[in-house]
Amino acid sequence: MKKIIKNSIKYVGIYSVTIIIFIILLLISSAFPSKVIERNVKKSSDILLKETKYKEIYVPYKFINISMDNQTDALMLNTAYSIDNSSPLYSAFVARKNYIPGKTQQISEEKVGELDFDKKYKELNQVKELNDTINGEVLESFEYARYWHGYLTVIRPLLILFDINVIRVIFRIIFTVLVIILLYLIYKKIDLITAIIFFIGLTAVEYWYIGTSLQGSFIFFIMMISTIIILLQYEKIKSFSTFFFIIGMLTNFFDFLTVPILTLGIPLIIYYLLKQKQDKNTNIKELFIFSIVWGIAYLSTWVGKWILLNVLYNKNIFEVVINQIIYRSSNISYGEPISYFKILYINYIWIIGTISIELLVVYILKMIKFLYSKNEKISFNTNKNLIPFFIIAIMPFIWYGVIKNHSYNHSFFTYRNLLLTIIGVSILFKKMINERSFK
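Just so we're aligned, residue 2 is where the sequence shown starts under the working numbering, counting upward by one.
Structure representation (structure tokens):
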């Protein structure tokens with residue numbers, strides 16, 4: 002009992018301090034006037050307008066075009082520009098778009114369903130809304146208060162100096178550096194084949210292109226950095242429960258409900274690979290503890306935002322949020338029923354081919370090793386060391402079964418959840434074959 006009370010106090014303390022840090026960061030990043038970033042927001046708007054909301058990039062190794070979420074990028078820039086520094090925290094908390102201080106007369110609060118838009122448009126077009134707003138055309142403003150919009154703490158300062166194209170270049174450079182560090186550390190601390198599995202897995206979800214979209218970048222930043230920290234500090238981290246708790250909070254702060262489970266699953270894979278290399282006895286209980294702690298942190302951070310909105314600004318959005326959860330979890334998409342298998346299929350078609358190619362590469366490497374070592378014997382085992390990777394591999398399928406509407410409507414990015422399946426399944430096969438690894 003004493004231990005439970007002690008841990009509860011510890012997590013409440015961590016939670017409270019982290020929330021305060023989030024508030025301070027939002028306050029600082031919203032303290033300067035939007036006039037400072039107007040020039041680069043205008044340049045960014047022109048870039049997005051030229052690209053259109055339907056921008057696609059051809060991926061040669063997959064022979065398909067992938068969709069870049071210019072809609073959400075425009076929304077993020079619009080929200081950043083719509084900050085009113087005369088009331089910085091309130092402005093960051095309600096997260097308005099299409100807002101021009103002193104001019105905008107009509108502001109609509111959040112409602113259930115897809116994002117609302119000005120009636121002058123026939124359909125949602127965040128790119129045109131951003132363009133109209135930056136050019137001083139007063140539109141109806143809409144609040145998007147249920148998210149923390151932590152990206153503002155990064156995007157607003159960057160917009161002082163750079164437009165969206167330069168920010169994209171910066172992001173892609175950082176992503177490249179992070180993947181080099183990650184793969185090198187996996188190679189040094191685990192083995193070469195595992196590094197190859199991660200490389201091809203990341204390639205399968207177009208890791209090399211993610212930096213061209215602001216929307217999806219922050220989850221991958223958190224995922225990569227937290228995984229690298231585990232690789233570097235595995236033996237020094239005293240409490241992995243605390244570590245995953247903080248990751249869960251950061252994920253909710255920065256994310257738009259894109260592919261949040263990646264910040265849980267990928268660090269977990271590395272954790273178990275390192276643990277099994279040192280200790281052959283796998284503690285399955287830890288996987289559930291870390292997952293629950295991450296989940297509590299993720300959800301409580303969200304709830305904390307809603308409570309603060311109510312307490313500080315008398316904005317009770319709980320009814321909207323509850324109905325939105327029901328909506329996003331429903332098996333209805335734009336009035337039409339959707340089956341679970343249809344959700345799986347539409348996510349799979351974005352990644353089709355890469356899984357089989359990735360597994361083929363692993364099998365070829367294994368065969369080369371087998372042929373090289375003539376006396377090598379292959380044996381299959383089904384010990385409990387495989388269980389964590391199996392559970393992690395099926396996480397996306399659980400996610401798709403719970404967040405049905407969202408996973409179907411936004412399959413053009415939710416398919417990246419399957420990164421956990423690609424890497425998890427590959428490591429399962431690798432571990433089932435009991436042979437010496439490449440050094």
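Built from N, CA and C at the ideal position, the CB exists for glycine as well.
Treat the numbers as computed from the prediction; the structure is a model and nothing was measured.
For V206, no alpha helix (DSSP H) encloses it, and the DSSP letter there is neither H nor E. Per the Cβ contact rule, the region 156-175 is in contact with the region 31-49 (3 or more Cβ pairs under 8 Å). By the Cβ test, the region 298-305 is in contact with the region 244-253, since at least three Cβ pairs between them sit closer than 8 Å.
The way I'd put it, the region 181-192 does touch the region 227-244; three or more beta-carbon pairs between them come closer than 8 Å. Taken atom to atom, the span from the alpha-carbon of H407 to that of R329 is near 5 Å. Between I211 and G217, the C-beta gap is smaller than 7 Å, which places the two residues in contact. Residues G425 and L429 of the same chain have their beta carbon placed closer than 8 Å to that of F391, with the five preceding and five following residues left out of the count. By the criterion of at least three beta-carbon pairs nearer than 8 Å, the region 339-351 is not in contact with the region 115-134. Here P338 carries a strand assignment [DSSP, helix/strand/coil]. Contact between T134 and S30 does not hold, since the beta-carbon distance rounds to 19 Å and is not under 8 Å. Around A75, the same chain offers L49, Q127, V128 and L131 as residues with beta carbons nearer than 6 Å, after the five sequence neighbours per side are excluded. Excluding sequence positions up to five before and after K51, its CB lies less than 8 Å from no other CB in the same chain. The secondary-structure analysis by DSSP pairs R97 across a beta bridge with E144. Distance from the CA atom of N386 to the CA atom of K316, rounded to whole angstroms, is 48 Å. A direct Cα-Cα distance of roughly 5 Å separates E110 from E144. In this structure, the beta-carbon distance from S142 to R97 falls below 7 Å. Exclusion of the five residues before and after Y122 leaves K129 and E130 as the residues of its chain whose Cβ lies within less than 8 Å of its Cβ.
Across the structure, I293 and Y148 are spaced so that their CA atoms are roughly 21 Å apart.
Between L179 and L269, the alpha-carbon positions lie close to 18 Å from each other.
Per the DSSP secondary-structure output, I333 pairs in a beta bridge with P338. Between the region 78-91 and the region 189-204 there are fewer than three C-beta pairs closer than 8 Å, too few to call the two in contact. Taking C-beta atoms as the reference points, L419 and P397 count as a pair closer than 7 Å.
One alpha carbon belongs to D256, the other to Y346, and they sit about 25 Å apart.
With 16 or more other Cβ atoms from the protein chains shown falling within 10 Å of its own Cβ, T422 counts as buried. Remark: C-beta atoms of L159 and P89 do not approach each other more closely than 7 Å.
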